[in-house]
Amino acid sequence: MSRGSGRLPTGVPSDARYVNITELSDTVLEHAARLTVRKGLRVAYLVSGIALGLGAAVYRVAFDGGLFVCACLILLAAILITKQSRLVSDVVSRNSHELATSGERSRTRTTFFTADSVGVLLPGGARTFPYSSFEKVLSDDLILVLVLKDSQGAFPLERSGFVRGSQKDFEASMAHRIGPARDAAADPRDR
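Counted the way our numbering counts, the sequence shown spans residues 147 to 337.
Right under this line is the structure:
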């Protein structure tokens, strides 16, 4: 089914108030990862790396520590600092690989919203989640991301992907059910 054709994809309930078809391109995956990878985690990796590096220098200079131990601490510090800078790209790479091994059809994600639940069409049929399963909605200029509680997953939705219902009405409905969409770049709770 193409966008705007008027017909719903097979498997979408007729009572779905909103239907979104999102192409999970690497760009969409990157936006979703940037929204969902917490800034606190990146900061923790960075601060730990810097602290280990400084600790190695203090150990070497102030306590005449062994060169091998200092080198190991500096190597660990470099690994932590590198890891923090790669968190988003690692998530994108992993998700992109999983989609590639599932076939190109898995890149198109149809998500529907009924009065009681959120559903996603999968090759084996639809899987639904009650609205109470969701913790928050994050947003940027390209996508909205519905985040499941307890870090169980996320649903990226292209803002332009609504084939039933408007994006504006959808956001108002989600604000009522889950909470208002938060611009993660501007909201410190999400970063």
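Even for Gly, the Cβ is constructed at its ideal location relative to N, Cα and C.
Kindly indicate which residue of the options has the alpha-carbon position closest to the one of residue i.
i: Thr-256; options: Ala-300, Lys-282, Arg-206 and Gly-307; result: Gly-307
i: Tyr-164; options: Ser-279, Lys-282, Ala-261 and Asp-286; result: Ala-261
i: Lys-314; options: Asn-166, Leu-154 and Val-158; result: Asn-166
i: Ser-231; options: Leu-192, Leu-221, Gly-212 and Leu-154; result: Leu-192
i: Gly-195; options: Leu-221, Leu-175, Phe-214 and Gln-298; result: Leu-221
With burial defined as no fewer than 16 other Cβ atoms inside 10 Å of the residue's Cβ, what is the status of residue i: buried or exposed?
i: Leu-292; result: buried
i: Ser-160; result: exposed
i: Leu-187; result: exposed
i: Phe-209; result: exposed
i: Arg-323; result: exposed
i: Glu-368; result: This structure leaves residue 368 out entirely; the chain is present only between 147 and 337.
i: Met-320; result: buried
i: Val-158; result: buried
Based on DSSP bridge pairs, tell me the residues matched to residue i.
i: Val-165; result: Phe-258 and Arg-310
i: Gly-265; result: Phe-258 and Thr-274
i: Leu-170; result: In DSSP, Leu-170 forms no bridge with anything.
i: Val-283; result: Leu-292
i: Ala-300; result: Val-293
Suppose the cutoff is 6 Å on Cβ atoms and the five residues either side in sequence are ignored; what does the same chain contact list for residue i look like?
i: Leu-200; result: none
i: Leu-198; result: Leu-219, Leu-222 and Ala-223
i: Leu-226; result: Tyr-191, Ser-194 and Gly-195
Would you kindly check if the distance between the Cβ of residue j and the Cβ of residue i is under 9 Å?
i: Val-264; j: Pro-276; result: yes
i: Thr-173; j: Ala-300; result: no
i: Ala-272; j: Phe-258; result: yes
i: Arg-206; j: Cys-218; result: no
i: Thr-254; j: Thr-168; result: yes
i: Asp-296; j: His-177; result: no
i: Val-283; j: Leu-294; result: no
Keeping to the same chain, check which residues put their C-beta closer than 8 Å to that of residue i; ignore five residues upstream and five downstream.
i: Ala-203; result: Cys-216
Spatial neighbours of residue i within its chain, please: C-beta separation below 7 Å, excluding the five flanking residues on both sides.
i: Val-189; result: none
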